[in-house]
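Student: Pasting in a structure now, in structure tokens, and then I'll have a few things to ask.
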Amino acid sequence: MTALLDVILPVFLVLGFGYVAVWRGLFSDEGVEGLMKFTQNFAIPCLLFRAISTLDLGQDFNPALLGSFYAGATLCFLLGLFGARYLFGRAWEDSVAIGFCCLFSNSLLLGLPITERAYGEGALAGNYAIIAIHAPFCYLLGIGVMEAVKNRGGGMGATFARIGRSLASNALVIGITLGFAVNLTGLPLPGVLTDALDLMIRAALPAALFGLGGVLYRYRPEGDLRTIAFVVAISLMVHPAIVWGMGRATGLSVDQFRSAVLTAAMAPGVNAYIFANMYGVAKRVAASSVLLATGLSILSVWVWLALLP
289 MTALLDVILP VFLVLGFGYV AVWRGLFSDE GVEGLMKFTQ NFAIPCLLFR
339 AISTLDLGQD FNPALLGSFY AGATLCFLLG LFGARYLFGR AWEDSVAIGF
389 CCLFSNSLLL GLPITERAYG EGALAGNYAI IAIHAPFCYL LGIGVMEAVK
439 NRGGGMGATF ARIGRSLASN ALVIGITLGF AVNLTGLPLP GVLTDALDLM
489 IRAALPAALF GLGGVLYRYR PEGDLRTIAF VVAISLMVHP AIVWGMGRAT
539 GLSVDQFRSA VLTAAMAPGV NAYIFANMYG VAKRVAASSV LLATGLSILS
589 VWVWLALLP
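Residues 289 to 597 in the numbering used here are what the sequence shown spells out, letter by letter.
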């Protein structure tokens, strides 16, 4: 009960404030868009830059950590893909989008604040290592399979070139890349710059959580409940269970084990809906899965926290 009250509920209360504020007309859709642009294009890139620039790359980028998390994520993508196809009779394009929902955990807006509140800022190195390659890995896997399924005339080469350009211009990826550059070169940063970055960082997660609540208000659960329940079960239970087993088998340290399992236990991120919307398939399943899994994760994360060492 202590974990629920002290760790999880404060995070979801901030998210709930954003949801209620938009629901009751106290905060506009335009305000949500502006807030999310601030956090995702400025504040969170500053957070990722500072975190990556100070990581011990030799220790924190542990192949066992990344292998445990991403092998679990890939298996869940395949479970979602083939489950949607053969259990629920969805079209292949729908099935890929549903698989992407099972693949893309909300590692940043939920995983970071919950891990920090549970174990302290010093326990986040594993989270940052996972986040550093999360979007590129998930999008390359999802888009690669979708393009193979759709077999568009433009060819996969052109598609991946467009994705590469999109990732290269993404503020989060830029922040991560610059963080690696500073880390690898040992470039000293002026104190006045780090102080300014730290001011931005303090606003990043609270503002992002509030904005995420406003974004989730748009997602109404409707229809396809069996498929949505399937996605929620894989995201909240199967993925962390796989990572738990692999993390134990590969001998992860306690901090890395916690980071991997908790990140895997997060609900699908809003990128799951963005991916479905990009291809115009399974949008209702994706939107409803993000909303319902986020709400149910209040209880599921409580269970995982109770089980973790």
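Note that beta-carbon positions come from the ideal geometry of N, C-alpha and C, so glycine has one too.
Predicted, not measured: the structure shown is a model, and the values here were computed from it.
Can you tell me where the alpha helix (DSSP H) holding residue 559 begins and where it ends?
Tutor: 559 to 567
Student: If distances are taken between C-alpha atoms only, which option among 305, 299, 336 and 425 comes closest to residue 452?
Tutor: 425
Student: Pull up the distance between the alpha-carbon of residue 471 and that of residue 403, whole angstroms please.
Tutor: One Cα belongs to residue 471, the other to residue 403, and the distance between them is close to 23 angstroms.
Student: Would you call the CB atoms of residue 555 and residue 594 closer than 7 angstroms?
Tutor: no
Student: By DSSP, does residue 556 sit in helix, in strand, or in coil?
Tutor: Of the three classes helix, strand and coil, the one that applies to residue 556 here is strand, per DSSP.
Student: So, at 6 angstroms on beta carbons, what are the nonlocal neighbours of residue 382 in its own chain, with the 5 sequence-adjacent residues on each side left out?
Tutor: 569 and 570
Student: Of the choices 358, 388, 397 and 322, whose alpha-carbon is the least far from that of residue 548?
Tutor: Closest option to residue 548, judged by alpha-carbon separation, among 358, 388, 397 and 322: 358.
Student: With 16 other CB atoms within 10 Å as the buried threshold, where does residue 457 fall?
Tutor: exposed
Student: Beta carbon of residue 354, beta carbon of residue 540: below 7 angstroms?
Tutor: No, these two residues do not count as a Cβ contact at 7 angstroms.
Student: Quick check on this structure: which residue in 491, 387, 596 and 298 has the alpha carbon closest to the alpha carbon of residue 405?
Tutor: If we check each option's Cα against that of residue 405, 298 comes out closest.
Student: Quick one: grab the DSSP three-state call for residue 393.
Tutor: strand
Student: If we count the other Cβ atoms within 10 Å of its Cβ and call it buried at 16 or more, is residue 313 buried or exposed?
Tutor: exposed
Student: Per the contact definition of three or more C-beta pairs closer than 8 angstroms, is the stretch 321 to 330 in contact with the stretch 494 to 514?
Tutor: yes
Student: Just to confirm the assignment: which complete alpha helix (DSSP H) runs, minimum length 4, are found wholly within the stretch 458 to 509?
Tutor: Within the stretch 458 to 509, the complete alpha helix (DSSP H) runs of at least 4 residues are 459 to 473 and 479 to 504.
Student: Is the number of C-beta pairs between the stretch 338 to 350 and the stretch 359 to 376 that are closer than 8 angstroms three or more?
Tutor: no
Student: Of all the options 401, 434, 435 and 392, which has the alpha carbon lying nearest to the alpha carbon of residue 421?
Tutor: 392
Student: If you count every other CB in all the chains shown that lies within 10 Å of the CB of residue 578, and 16 or more means buried, which is it?
Tutor: buried
Student: Compare the Cα-Cα distances from residue 360 to each of 543, 527 and 407 and report the closest residue.
Tutor: 527
Student: Given that a residue counts as buried once 16 or more other Cβ atoms are within 10 Å of its Cβ, and exposed if not, what is residue 288?
Tutor: With the chain represented from 289 up to 597, any question about residue 288 goes unanswered, as that position is not in the structure.
Student: Do residue 388 and residue 430 have their C-beta atoms within less than 7 angstroms of each other?
Tutor: yes
Student: Mind checking residue 435: buried by the 16 CB within 10 Å criterion, or exposed?
Tutor: Residue environment: residue 435 is assigned as buried (16 or more neighbouring CB atoms within 10 Å of its CB, all protein chains considered).
Student: Quick check: residue 522 and residue 364, are their CB atoms within less than 7 angstroms of each other?
Tutor: Their beta carbons are under 7 angstroms apart, which means residue 522 touches residue 364 by this criterion.
Student: According to the neighbour-count rule (16 or more other Cβ atoms, all chains shown, within 10 Å of its Cβ), is residue 597 buried or exposed?
Tutor: exposed
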